[in-house]
Structures are given as structure tokens and as C-alpha cells.
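Chemist:
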Amino acid sequence: TEARLPPGKTLDTFDFTAVPMISKAHIMALCAGDSWLEKGANLIMIGGPGGGKSHLAAAIGMALIEAGWRVLFTRTSDLVQKLQVARRELALESAIAKLDKYHLLVLDDLAYVTKDQAETSVLFELISARYERRSTLITANQPFGDWSRVFPDPAMTLAAVDRLVHHATIFEMNVESYRRRAALQRQST
Ligand code: ADP
55 TEARLPPGKT LDTFDFTAVP MISKAHIMAL CAGDSWLEKG ANLIMIGGPG
105 GGKSHLAAAI GMALIEAGWR VLFTRTSDLV QKLQVARREL ALESAIAKLD
155 KYHLLVLDDL AYVTKDQAET SVLFELISAR YERRSTLITA NQPFGDWSRV
205 FPDPAMTLAA VDRLVHHATI FEMNVESYRR RAALQRQST
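In short: position in the sequence shown from 1, add 54, done, that's the numbering used here.
#1: Tell me which residues share the same chain as H157 and place their Cβ nearer than 8 Å to its Cβ, disregarding the 5 neighbours each side in the sequence.
#2: State yes or no: is the C-beta of L212 within less than 8 Å of the C-beta of I192?
#3: Where T71 and N96 are concerned, what is the direct C-alpha to C-alpha distance, given to the nearest angstrom?
#4: Does L164 come out as helix, strand or coil in the three-state DSSP assignment?
#5: Tell me whether F127 sits in a helix, a strand or coil according to DSSP, three-state version.
#6: If the criterion is Cβ atoms closer than 8 Å, does the pair R184 and G94 meet it?
#7: Tell me whether L159 sits in a helix, a strand or coil according to DSSP, three-state version.
#8: I'd like to know whether the C-beta atoms of L137 and L144 end up nearer to each other than 8 Å.
#9: Please say whether V219 and T174 have beta carbons closer to each other than 8 Å?
#10: Please confirm whether any heavy atom of the ligand ADP lies closer than 7 Å to the CB of P74.
#11: Does I76 come out as helix, strand or coil in the three-state DSSP assignment?
#12: Mapping the DSSP letters down to three states, classify T174 as helix, strand or coil.
#13: Compute the Euclidean distance between the alpha carbons of L171 and H221, then round it to the nearest angstrom.
#14: So V176 and F198 are supposed to be a Cβ contact under 8 Å. How far apart are they, rounded?
#15: Can we count S131 as close to the ligand ADP, meaning its CB is less than 7 Å from some heavy atom?
#16: Are the beta-carbon atoms belonging to L59 and F127 less than 8 Å from one another?
#17: Is Y232 near the ligand ADP, with its Cβ less than 7 Å from a heavy atom?
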């Protein structure tokens with residue numbers, strides 16, 4: 055489908071016992087959408103690899119689509135590349151405007167965007183354009199303090215984080231990798 059959600063990553067297959075800091079009731083409330091998508095609020099999930107951020111992000115995206123919202127799921131680096139191409143073709147503004155049709159844009163894995171890639175400022179421009187109008191869900195392996203590895207300079211990092219967190223729910227999912235946990239459990243039985 056157009057939403058490009060990864061298959062099988064749903065709420066039904068998500069084990070909430072692995073993330074005790076997150077209440078299922080809170081997630082179910084977010085899956086209704088109105089409380090945050092109507093005001094363009096954001097959702098940010100931070101934590102080490104394998105902790106279930108992408109799975110939960112996809113599951114929320116799927117539930118929101120079922121509830122009638124328009125959602126696009128993309129790896130952050132893929133979208134940054136597309137926006138860079140648009141910028142070169144002098145079409146960045148319209149490329150960003152096209153994303154307006156999505157109530158929620160899921161940017162998965164901010165970690166894989168680095169400022170070595172030319173012009174990561176396209177990401178900043180996207181964030182600024184959506185601010186207080188359209189919602190963005192970001193998953194990231196690094197805490198905010200390390201986001202300076204993503205944006206071109208400290209001022210832009212600060213401004214981007216400021217806009218993102220102004221109206222945001224932040225989940226810190228610092229749990230052991232689910233894959234690793236499952237492998238260890240298999241060994242001990
Ligand atoms: P992250 O995005 O935090 O790096 P993923 O969501 O990609 O982690 O999770 C890695 C793998 O483990 C995926 O196959 C995912 O479906 C599975 N997984 C992680 N957490 C859970 C969970 N709480 N319940 C079920 N599967 C999970």
C-alpha cells in the first residue's frame with residue numbers, strides 16, 4: 055500500500071511486558087489519533103536497537119490508518135535522500151508540501167542519517183514545515199544530546215529538537231534488545 059508499513063508489526067504481535075515503562079492504555083489512546091493528530095503533536099521514541107521502537111511505530115501507524123487517518127511510514131534516511139533530490143531540482147518546497155496530506159509521518163531510524171550526507175538541513179526544513187500543523191513520529195537510537203550528529207550545526211539541532219518536543223509525547227525505551235532477550239530465553243529452556 056501507499057503507507058509502506060512493514061508487514062506483521064501490529065499491536066496484536068507486540069509484547070507490552072517487554073517495555074514496562076509504556077502503558078498499553080496510553081498506546082491505545084494514541085491509536086485513536088484525535089488527541090494529538092488534530093493539533094499536529096509529535097511522538098518520539100528513543101532507545102537502543104532492538105527495543106521495539108520500529109515495531110511499535112508501525113503498529114500505531116497501522117491502527118491510525120484503520121481509524122481513518124492518513125499515515126506514511128518511511129526510513130528517515132530514505133526520505134532525506136528523496137528531499138535532497140527534490141532540493142537539487144529546486145522542488146523541495148513542493149516535495150515537503152506533498153507530505154502535508156499525511157496526518158502522520160513516521161520517520162523510522164533517525165540514527166542512520168548523519169551530517170556527512172550532504173544537506174541534512176532538508177530534514178530541518180521538513181520539521182519546521184510540519185510544526186504545529188502535522189504530526190511526526192520519530193524513532194531514534196540516540197538521546198537528544200547526540201542529535202547534533204544529524205543536523206548541520208548546533209543551532210539547527212537545537213531549533214529542530216525544540217520544535218519537535220514542544221508538543222510531544224516522548225517514550226524512552228531503554229530495554230534489552232527483544233531479539234537478544236528471546237534468544238537467551240530459548241537457550242535457558
Ligand atoms: P528498534 O526499532 O527499537 O531497533 P525493532 O522494533 O526493530 O526495534 O525490534 C526488533 C525486532 O524485535 C523486530 O522483529 C520486532 O518485531 C521485535 N520486537 C521488539 N520488541 C518487541 C516486542 N515488545 N514485542 C514483540 N516483538 C518485538
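Here a beta-carbon is modelled for each residue, glycine too, at the ideal position from N, C-alpha and C.
These numbers were taken from a predicted model, which means no experiment stands behind them.
Modeler: Short version:
#1: Position 103 of the sequence shown, counting from 1, holds the residue named residue 157. Counting only Cβ-Cβ distances below 8 Å, and skipping sequence neighbours, we find G87, L91, L118, W123, R124, V125, R188, S189.
#2: Start at 1 with the first residue of the sequence shown, and residue 212 comes out as number 158. Start at 1 with the first residue of the sequence shown, and residue 192 comes out as number 138. No, these two residues do not count as a Cβ contact at 8 Å.
#3: Counting from one through the sequence shown, the residue named residue 71 turns up at place 17. Counting from one through the sequence shown, the residue named residue 96 turns up at place 42. Straight-line measurement puts the Cα of N96 at about 24 Å from the Cα of T71.
#4: Here residue 164 refers to the residue found at position 110 of the sequence shown. DSSP places L164 in the helix class (H, G or I) of the three-state scheme.
#5: Counted from its first residue, the sequence shown places residue 127 at position 73. Shown here, F127 sits in a strand according to DSSP, grouped into three states.
#6: Counting from one through the sequence shown, the residue named residue 184 turns up at place 130. Counting from one through the sequence shown, the residue named residue 94 turns up at place 40. Contact flag set, yes.
#7: For the purposes of this step, residue 159 is taken as residue 105 along the sequence shown, with counting starting at 1. Reduced to three states, the DSSP call for L159 is strand.
#8: For this step, residue 137 is matched to residue 83 along the sequence shown. For this step, residue 144 is matched to residue 90 along the sequence shown. Annotated as distal: L137 and L144, with beta-carbon spacing of 8 Å or more.
#9: For this step, residue 174 is matched to residue 120 along the sequence shown. For this step, residue 219 is matched to residue 165 along the sequence shown. With a cutoff of 8 Å on beta-carbon distance, T174 and V219 are scored as not near each other.
#10: Working through the sequence shown from its first residue, we reach residue 74 at position 20. Checking the Cβ of P74 against the ligand ADP gives no.
#11: Within the sequence shown, numbered from 1, the residue matching residue 76 stands at position 22. In this structure, I76 counts as coil in the three-state DSSP scheme.
#12: By one-based count along the sequence shown, residue 174 stands at place 120. The three-state secondary structure of T174, taken from DSSP, is coil.
#13: Taking the sequence shown and counting its residues from 1, the one referred to as residue 171 is at position 117. Taking the sequence shown and counting its residues from 1, the one referred to as residue 221 is at position 167. A small fix is needed here, since residue 171 is Gln in this sequence, not Leu. Taking the CA atoms as reference points, Q171 sits about 28 Å from H221.
#14: The sequence position of residue 176 within the sequence shown is 122, counting from 1. The sequence position of residue 198 within the sequence shown is 144, counting from 1. Beta-carbon to beta-carbon, V176 and F198 are separated by about 20 Å, too far to satisfy the 8 Å threshold.
#15: For the purposes of this step, residue 131 is identified with residue 77 of the sequence shown, where counting begins at 1. No.
#16: Walking along the sequence shown from the start, residue 59 turns up at place 5. Walking along the sequence shown from the start, residue 127 turns up at place 73. It is a contact, given that the beta carbons lie within the stated cut-off.
#17: Taking the sequence shown and counting its residues from 1, one reaches residue 232 at position 178. At a cut-off of 7 Å, the beta-carbon of Y232 counts as near the ligand ADP: some heavy atom of the ligand is closer than that.
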